[in-house]
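0 is the number of the first residue of the sequence shown in numbering that gives the first Met the number 0; add one for each residue after it. Here the structure comes first, spelled out in structure tokens, and everything after it is commentary.
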Amino acid sequence: MQRYRLEGFGGIEKLATREEAIPEPGAHQILVRVHAVSLNRRDAMILKGTYPLPPRAGIVPLSDGAGEVVAIGDGVTRFAVGDRVTGSYFARWIDGRLHPEIIDQLGCTLDGMLRCSTSNGRYGCLSISPGRKPRPSPAPG
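Following this line, the structure appears as structure tokens:
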């Protein structure tokens, strides 16, 4: 599977293509085949090194993307194979006040959407399937 990794700061020339194995979804994870991504201002700031939160070294960039669930791990109840999903910017923030323990962001401190497939935790995606009623989530833990 192809994915891009940010190998430094300065702009798009710091992106490197890598061939990596397609991940297997673990417990409470889904595997998404990414169909579309977009570049927004925040992503451009991360590429240039001007975003206030420093990205993790070698991060897969871009927070915005959408795709299709192609596999699910044990314990997944909110999604099914074939669901269309989009990434969740703050993958660990469900509700309430934002605090440092859940500040992780796609494309910055968590690998983002600029890849062919992604394995996301149970809260890392939102359903965008038309007519599909959201399934309740179990409590975190």
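Each residue gets a CB set at the ideal place from its N, CA and C atoms; glycine is no exception.
S62 versus K13 - alpha carbon distance: For this step, residue 62 is matched to residue 63 along the sequence shown. For this step, residue 13 is matched to residue 14 along the sequence shown. Each residue's alpha carbon lies about 17 Å from the other.
May I ask you to report which of helix, strand or coil DSSP gives D110? For this step, residue 110 is matched to residue 111 along the sequence shown. Residue state, collapsed to three classes: coil.
Contact under 8 Å by Cβ, V33 with G66: In the sequence shown, residue 33 corresponds to position 34, counting from 1. In the sequence shown, residue 66 corresponds to position 67, counting from 1. Yes.
Whole-Å CB distance - I58 paired with R4, under 8 Å assumed: By 1-based counting over the sequence shown, the position of residue 58 is 59. By 1-based counting over the sequence shown, the position of residue 4 is 5. I58 to R4, Cβ: 7 Å. Contact.
CB contact flag (D82, A26, <8 Å): Within the sequence shown, the letter at position 83 stands for residue 82. Within the sequence shown, the letter at position 27 stands for residue 26. In this structure, A26 does not lie closer than 8 Å to D82 by Cβ.
Taking the straight line between their C-alpha atoms, what separation do you get for C124 and L105? For the purposes of this step, residue 124 is taken as residue 125 along the sequence shown, with counting starting at 1. For the purposes of this step, residue 105 is taken as residue 106 along the sequence shown, with counting starting at 1. Using only the alpha carbons, I get a separation of about 11 Å.
Alpha carbon to alpha carbon, what distance is there between V80 and L109? Mapped onto the sequence shown, residue 109 falls at position 110. Mapped onto the sequence shown, residue 80 falls at position 81. Taking the straight line from one Cα to the other gives about 23 Å.
Do V36 and L97 come within 8 Å of each other at the CB atom, strictly closer than that value? Working through the sequence shown from its first residue, we reach residue 97 at position 98. Working through the sequence shown from its first residue, we reach residue 36 at position 37. Not closer than 8 Å, so no.
Who are the near neighbours of G48 in its chain, counting only those whose CB is closer than 6 Å to its CB and skipping five residues on each side? Translated into positions along the sequence shown, residue 48 becomes position 49. Excluding residues within five positions, the ones whose Cβ falls inside 6 Å are F8.
Tell me the rounded alpha-carbon separation between G86 and E6. As a first step, residue 86 is located in the sequence shown; it is residue number 87 there, counting from the start. As a first step, residue 6 is located in the sequence shown; it is residue number 7 there, counting from the start. One C-alpha to the other measures close to 23 Å.
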